[in-house]
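First up is the structure itself, then whatever we jot down about it.
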Amino acid sequence: MKRIAQIIVRGGILLVATLVVLTLSLAAFNMVSDGISNRLIANFEQDPVEGYDYWRWIYFKEHLFEHLIVAGILLTLAGLVAWGWVAFVRDVMRNHKLQS
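When you read off a place in the sequence shown, starting at 1, and then add 11, the result is the number in this note's numbering.
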């Protein structure tokens, strides 16, 4: 019974960690896209000749280093959570084989 409780707690912690990483990823994406859109709105009173896609790409390239840092942090967190899931599943499978 103690083993089942440990499995439930570890699985719950990993589930919460997964949801946190997904929420942070979505928030970061929304912040970047909203920031670019706000900058486009603030800089142009009318449609630019080149089009919004051209300027959106220019603004994205200007801040590419910051975007890569945020992506690196999120990918690191996602990798840690994925590693936690792999270790969790291996542990559960190993203990299941020992009990059979």
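The beta carbon of each residue, even a glycine, is placed where N, CA and C say it ideally should be.
- Along the length of the segment 18-43, whole beta strand (DSSP E) runs at least 3 residues long do not occur.
- About 12 angstroms separates the beta carbons of residue 68 and residue 59, which is beyond the 8 angstroms limit, so they are not a contact pair.
- Taking a C-beta distance under 8 angstroms as the contact criterion, residue 96 and residue 33 do not qualify as a contact pair.
- In the DSSP assignment, residue 55 falls outside any alpha helix (DSSP H), carrying neither H nor E.
- Counting only residues of its own chain and dropping the five nearest sequence neighbours on each side, residue 103 has a CB closer than 7 angstroms to the CB of 18.
- When 39, 61 and 16 are compared, the shortest CA-CA separation from residue 86 is found for 39.
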